[in-house]
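Oh and the sequence shown: position 128 is 127 in numbering that gives the first Met the number 0, straight run, nothing missing. Here the structure comes first, spelled out in structure tokens, and everything after it is commentary.
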Amino acid sequence: MKGRINFLLKQLKTTKAVAEVLGVSQRSVERYRKGDRKTPPQPVAERIDTAVRARWQPVVRGRRRKEAATSTGITVETRARFGYTAPVGSTDDGRVRRLTVHLPPLYAQRLFDARAQGAADRDLRAIVAEGLQEIYFKDGGTRADELRVEFTDIDYFDVSF
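Spelled out as structure tokens, the structure:
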């Protein structure tokens, strides 16, 4: 309990602010912080957990986004219709495919930046389509140089990082 109260104090800056969020007295917060009081009543313990989770998750998500954008990349799982524009002699018929592809950090960074700037879904899909085109269909630039991929009729789409 002491660690959670200290986390809330770090986030909210004062024992008074923490006490207001938790609905307890300022003195109770000080007792939890010092370790004089170790087990709060169940309703107070639940409020502490809720307050910590609400403030902790954005920290964790931000850390994971930064890691994905700089080193690990993202994994895209989707089932959608992929249409192709290619040179004469190859097929351009679109078909539904289920793909799970790991995209490098470059695409993760572009996707996060676009989302933070309020880009439309169409723009976000274009970034993902470009990543799938380059990594999956062009195999990192080793084949199908002039291939262009269209990403439409999305059944589902999941990004994990």
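Positions of the beta carbon are idealized from the N, C-alpha and C atoms, including for glycine. The structure presented is a predicted model; accordingly, all values stated were derived computationally and were not measured.
Applying the criterion that 16 or more other CB atoms from any shown protein chain within 10 Å of the CB defines a buried residue, is residue i buried or exposed?
i, result
"A50", "buried"
"Y155", "exposed"
"R62", "exposed"
"S14", "In the sequence as presented, Ser is not what sits at residue 14; that position holds Thr. By the neighbour-count rule (16 or more Cβ atoms within 10 Å), T14 is buried."
"I4", "buried"
"T141", "exposed"
"L105", "exposed"
"R96", "exposed"
"V23", "buried"
"G34", "exposed"
"G117", "exposed"
"A128", "buried"
"V58", "exposed"
"T77", "buried"
Would you kindly work out how many angstroms separate the C-alpha atoms of residue i and residue j, rounded to a whole number?
i, j, result
"A68", "S159", "12 Å"
"T151", "F81", "6 Å"
"S27", "R114", "42 Å"
"F111", "R64", "8 Å"
"E66", "Q108", "10 Å"
"V148", "I126", "11 Å"
"P39", "E29", "13 Å"
"T71", "A53", "26 Å"
"R36", "Q56", "26 Å"
"T99", "T74", "7 Å"
Tell me where the alpha helix (DSSP H) around residue i begins and ends.
i, result
"D120", "120 to 131"
"T14", "14 to 21"
"Q10", "1 to 11"
If we cut at 8 Å on Cβ distances, does residue i have a partner in chain B?
i, result
"V28", "The structure shown has no chain B; it contains just one protein chain."
Taking the beta strand (DSSP E) that residue i belongs to, which residues open and close that run?
i, result
"V148", "147 to 159"
"G82", "73 to 84"
"T141", "No beta strand (DSSP E) contains T141, which DSSP labels as neither H nor E."
"T99", "94 to 102"
Using 8 Å for Cβ pairs, my map puts residue i next to residue j. What's the rounded Cβ distance?
i, j, result
"I153", "A79", "4 Å"
"R32", "K1", "7 Å"
"L8", "V17", "6 Å"
Would the C-beta of residue i count as close to the ligand FMN, meaning under 7 Å from any of its heavy atoms?
i, result
"Y83", "The ligand FMN is absent from the structure shown, which contains no ligands of any kind."
| message | Give the list of continuous beta strand (DSSP E) stretches no shorter than 3 residues that lie fully inside the region 27 to 54. | response | none
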